[in-house]
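Novice: Mind looking over this structure? Questions follow.
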Amino acid sequence: MTAAVRFFWLFVALMLPLSFYLLLSATQWSVWPLALVQHPWQLLLFLVVVVFTATGLSDLFIADSNLRKNYPVFANIRFLLEGIRPEIRQYFIADNLEEAPFNRETRDLIYRRAKRLDDTLPFGTERDILAEGYLCIFHSINARHINPDHARVVIGGPACRQPYSSALLNVSGMSFGALSNNAISALNKGAKLGGFSHNTGEGGISPYHTEHGGDLVWQIGTGYFGCRHPDGRFSDEAFRRVAASESVRMIEIKLSQGAKPSHGGVLPGAKVSAEIAAIRLVEIGKTVYSPASHPEFDTPRGLLEFVQRLRDLSDGKPVGFKLCIGKKSEFMAIVKAMVETGILPDFINIDGAEGGTGAAPMEFSNRLGMPVLEATYFVEQVLKGAGLRQDIKLIAAGKTASGFDLLAKIALGADVVNSGRAMMLALGCIQSKTCNTNKCPTGVATQDPSRAKAVHVDLRAVRVRNYQAGTVAAFLELCGALGYEYPGQLKPSDLHQRTDKGLRHFDQIYTPLSHEQLLVGRVPEAYEEDWHKASADRF
0 MTAAVRFFWL
10 FVALMLPLSF
20 YLLLSATQWS
30 VWPLALVQHP
40 WQLLLFLVVV
50 VFTATGLSDL
60 FIADSNLRKN
70 YPVFANIRFL
80 LEGIRPEIRQ
90 YFIADNLEEA
100 PFNRETRDLI
110 YRRAKRLDDT
120 LPFGTERDIL
130 AEGYLCIFHS
140 INARHINPDH
150 ARVVIGGPAC
160 RQPYSSALLN
170 VSGMSFGALS
180 NNAISALNKG
190 AKLGGFSHNT
200 GEGGISPYHT
210 EHGGDLVWQI
220 GTGYFGCRHP
230 DGRFSDEAFR
240 RVAASESVRM
250 IEIKLSQGAK
260 PSHGGVLPGA
270 KVSAEIAAIR
280 LVEIGKTVYS
290 PASHPEFDTP
300 RGLLEFVQRL
310 RDLSDGKPVG
320 FKLCIGKKSE
330 FMAIVKAMVE
340 TGILPDFINI
350 DGAEGGTGAA
360 PMEFSNRLGM
370 PVLEATYFVE
380 QVLKGAGLRQ
390 DIKLIAAGKT
400 ASGFDLLAKI
410 ALGADVVNSG
420 RAMMLALGCI
430 QSKTCNTNKC
440 PTGVATQDPS
450 RAKAVHVDLR
460 AVRVRNYQAG
470 TVAAFLELCG
480 ALGYEYPGQL
490 KPSDLHQRTD
500 KGLRHFDQIY
510 TPLSHEQLLV
520 GRVPEAYEED
530 WHKASADRF
C-alpha cells in the first residue's frame, strides 16, 4: 500500500464522519433546507469530502489506470495538467520559433496579413542564420518591380481544350467533413473574392463548395466520392455530370497525400448523414472504406489512360494527379509511361511529407514520404530529363505560409503553390491540434454545428482573401529583390541552404538534368538505378 493510499483511507476515516457531524450540528431538521443555506461552509466541506471519497473509491476499484490505483485522487491532477499541456506550452513556455508545425512567428504573420495589419518584424531576425539547414536567397543590387500580371499561370497541356488561368497561391485539398460547412463556405468565398482556386479534397463537392462561385479543383480519391457506383467503382456518368459544372475548373486524381501516403481511410457509418451520403454517393448510415490504391488502375499506363478518360469525360478540362513522392522508381515509371503512350497530365501536384490538414497514423505522418522541396526538385529534373517539362505544370503543396515558402518551391520547379493549414489559420484556427476530435475550439475542423457557427463566413472569407493577396505580394517583392522581372526566372541556384560545407545552392546539393538527358544522354549516378528499374507496365 502506497503512502497516498494510506493517506486516502485515513482522510476518509476521519473527515467523512467529521464533516457529516458538523453539517448536522449546524442545522435544525425542521428547517434543514433553509439551514443549509445559512451554513454554507459546513455544506461545502461535506461536499468536498464526499467528492474526494467518491473519486478515490472509483480510482481504487474501478479505474484501469495504474497511477490512479496507487495514487487515488492525486493522480487526477497529473491527467488534468496533461490535458492542458499544449495550451500551457503555447501561451507560457514556447518561444517564437519553437512550436511545430507552425511556430508563433509564422502564425502571427498569417493572422496579421489576414487582418491587413502591420506584418513587419522589429529589431532583427530571431533565427540562427548559421544553423545547418537554414535556407536563404541572395539579393541583387539592381532590384526590380514585378508587374502583378505575372502572378497568373495557365494550366493546360497540348491535349487540354479548356485551360485554366491559375493564381500563384491556392487553397489545398480539404474535404467537407474534415472541415465544417462554414469553413468550406468561407474558403470558397475567399477564393472567389481573390481570384484563386479552391481544391475540394477527396470528399466530393458539397453545396458549401459551390454557393459562392469560387473556382474549384475537383479532387478524385480512391473512394471516387461524388462519381461512383454503389459498389465503389468509378461512374463515368456521375463524373461527367459533376465535371460539367462551370465552377469545376480542373480535376485532380489523388494518388497519395503527404500526411498519410499509401494509407486508405474509413468513414464510420455513424458519420454518414443524409447530407454526407448525398454528396459522396454512398448509403446513409453505412461505413465507407477508401482503399489505399485506386481500383480503376494498377499500372503507370493505367493511370495515364485514366487521366485521358477523365479529360474526355470533362470535355477537355485540365486533368492531373497529386502524389507524395515515395519510391523514386515509381514516379520514373509514370514518366516512362508518358513517353511511351504520349498521354500527359496537364499538371502534377507534389505533396510533401511534412503532413497536412488530415489526421494520420503517427508512423505514416512521421516516417513516410519525401519532403516537399526535395520532391519538387526531383520531379522537375526527371520531367526535364525526359523532355516533358514544358508540357506539364507543377503544383507544390506542403507547409506553405510565407512569400519565401512560395519562392523556395517555385525556384525548385513549381509553377504554382497550394496551402492548406495556413488557409485554416486565416480562417481563425489556433493550432490547437484537436482536428481529429470533432472538438475544434474555433469551429474550423469540426462537424459540430454549434461549434461551426463560430466561423463567420463573410468575415473569414475576406481574411482568407487578404492572406492570399498579401503572401503573393510578398513573394513578388522577393522576386524583384533578386533582380527578376517575372517569377519564371527563378531557378534552383537561387535557393541556398547552409550545409557542413557552407552555403550551397540546390544544383550543388543535388544533381540537375538537362533536356532529354534521361533519354539520349548519360544518366547520372543519382538517377541511374531508379531509372533502369522503372517500367511503364508496373509500379
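Sequential numbering of the sequence shown, starting at 0, is according to numbering that gives the first Met the number 0.
Cβ atoms here follow ideal geometry from the backbone N, Cα and C, with glycine treated the same way.
(1) Indicate whether Thr441 and Gly419 have their beta-carbon atoms separated by less than 7 Å.
(2) On the CB-based measure, 16 or more other CB atoms within 10 Å of its CB, does Met331 come out buried or exposed?
(3) Which residues bound the beta strand (DSSP E) around Glu251?
(4) Can you give me the start and stop residues for the alpha helix (DSSP H) that Ile154 sits inside?
(5) So Leu59 packs on Arg77, CB below 8 Å; how close in whole Å?
(6) Determine, using beta-carbon pairs with one atom in the region 397-410 and one in the region 347-356, whether at least three such pairs fall under 8 Å.
(7) Would you report the Cα separation of Ala468 and Glu295, rounded to the nearest angstrom?
(8) Quick check on DSSP: helix, strand or coil for Asn65?
(9) What do you get for Ile145, buried or exposed, if any count of 16 or more other CB atoms within 10 angstroms of its CB means buried?
(10) Distance check for Glu528 and Phe553, CA to CA, integer angstroms please.
(11) At which residues does the alpha helix (DSSP H) containing Thr209 begin and terminate?
(12) Give the straight-line distance between the Cα atoms of Gly200 and Leu56, rounded to the nearest whole angstrom.
(13) Roughly how many angstroms separate the alpha carbons of Asp117 and Arg462, rounded to a whole number?
(14) If you run the structure through DSSP and keep just helix, strand and coil, what is Ile219?
(15) Classify Ile256 as buried or exposed, calling it buried when 16 or more other Cβ atoms lie within 10 Å of its own Cβ.
(16) Starting from Thr498, trace the beta strand (DSSP E) both ways and give me its first and last residue.
(17) Measure the Cβ-Cβ separation of Val415 and Ser165 and say whether it is below 7 Å.
(18) Between the region 211-220 and the region 188-195, are three or more C-beta pairs nearer than 8 Å?
(19) For Asn348 versus Asn169, is the C-beta distance shorter than 7 Å?
(20) Where do the ends of the beta strand (DSSP E) carrying Leu168 lie?
(21) To the nearest angstrom, report how far apart Leu13 and Leu266 are at their CA atoms.
(22) Would you mind stating whether Ala336 and Pro299 have Cβ atoms separated by less than 7 Å?
(23) Judging by CA-CA distance, which residue of Lys253, Ala273, Ile275 and Thr286 is the nearest neighbour of Gly319?
(24) From what residue to what residue does the beta strand (DSSP E) around Ser418 run?
(25) Indicate whether Phe363 and Lys532 have their beta-carbon atoms separated by less than 7 Å.
(26) Round the Cβ separation of Ile109 and Ala453 to the nearest angstrom and send it over; I've been treating them as touching at under 8 Å.
(27) Entirely within the region 428-502 and at least 3 residues each: give me those beta strand (DSSP E) ranges in chain order.
(28) Is Pro290 buried or exposed, if buried means 16 or more other CB atoms sit within 10 Å of its CB?
(29) Roughly how many whole angstroms lie between the Cα atoms of Ser513 and Ala425?
(30) State the DSSP-derived secondary structure class of Ile409, mapped to helix, strand or coil.
(31) By the 10 Å Cβ neighbour count, where 16 or more other Cβ atoms means buried, how is Ser29 classified, buried or exposed?
(32) How should Phe122 be labelled, buried or exposed, when 16 other C-beta atoms within 10 angstroms of its C-beta is the threshold for buried?
(33) Does the beta-carbon distance from Val306 to Ala385 come in below 7 Å?
(34) Quick check on DSSP: helix, strand or coil for Ser534?
(35) Can you give the beta carbon distance from Tyr483 to Arg143, rounded, assuming they're within the 8 Å contact cut?
(36) For the region 80-145, list the beta strand (DSSP E) runs that are entirely contained and at least 3 residues long, ordered along the chain.
Specialist: Working from what's here:
(1) Taking 7 Å as the Cβ cut-off, Thr441 and Gly419 do not qualify as a contacting pair.
(2) Buried is the call here.
(3) For Glu251, the enclosing beta strand (DSSP E) has its first and last residue at Val247 to Lys253.
(4) From DSSP, Ile154 is part of no alpha helix (DSSP H) but of the beta strand (DSSP E) over Arg151 to Ile154.
(5) So it is not a contact: roughly 16 Å between Cβ atoms.
(6) Judged by Cβ distances under 8 Å, the region 397-410 makes contact with the region 347-356, as three or more pairs qualify.
(7) So the two alpha carbons sit approximately 39 Å from each other.
(8) Helix.
(9) Buried, because 16 or more other Cβ atoms sit within 10 Å of the Cβ of Ile145.
(10) Nothing about residue 553 can be reported from this structure: the residues present for the chain run from 0 to 538 only.
(11) That run of the alpha helix (DSSP H) goes Pro206 to Thr209.
(12) In a straight line, the C-alpha of Gly200 is about 49 Å away from that of Leu56.
(13) Rounded to the nearest angstrom, the two C-alpha atoms are 14 Å apart.
(14) In the structure shown, Ile219 sits in a strand (DSSP, three-state: E or B).
(15) For clarity, residue 256 is Gln in the given sequence; the question names Ile instead. Counting Cβ neighbours within 10 Å, Gln256 comes out buried, since at least 16 surround it.
(16) Start and end: Leu494 to Thr498.
(17) When the beta-carbon positions are compared, Val415 and Ser165 come within less than 7 Å of each other.
(18) Contact holds: three or more Cβ-Cβ distances are below 8 Å.
(19) Not in contact: Asn348 and Asn169 (Cβ atoms no closer than 7 Å).
(20) That run of the beta strand (DSSP E) goes Leu168 to Val170.
(21) Going by the C-alpha atoms only, they are around 53 Å apart.
(22) For Ala336 and Pro299, yes; Cβs fall inside 7 Å.
(23) Ranking Lys253, Ala273, Ile275 and Thr286 by Cα distance to Gly319 puts Lys253 first.
(24) Annotation: the continuous beta strand (DSSP E) that includes Ser418 extends over Val415 to Ser418.
(25) For the 7 Å CB-CB criterion, Phe363 and Lys532 do not form a contact.
(26) The Cβ separation is near 18 Å, so there is no contact.
(27) Qualifying beta strand (DSSP E) stretches, in chain order: 494-498.
(28) So Pro290 counts as exposed.
(29) Cα to Cα, Ser513 sits roughly 40 Å from Ala425.
(30) Reduced to three states, the DSSP call for Ile409 is helix.
(31) Annotation note: pLDDT 48 at Ser29 (below 50); position unreliable, no value reported.
(32) Exposed is the call here.
(33) Ala385 is positioned such that its CB atom lies no closer than 7 Å to that of Val306.
(34) Strand, per DSSP.
(35) Approximately 6 Å separates the beta-carbon atoms of Tyr483 and Arg143; this is inside 8 Å, confirming the contact.
(36) Counting only runs of 3 or more, we get 134-136.
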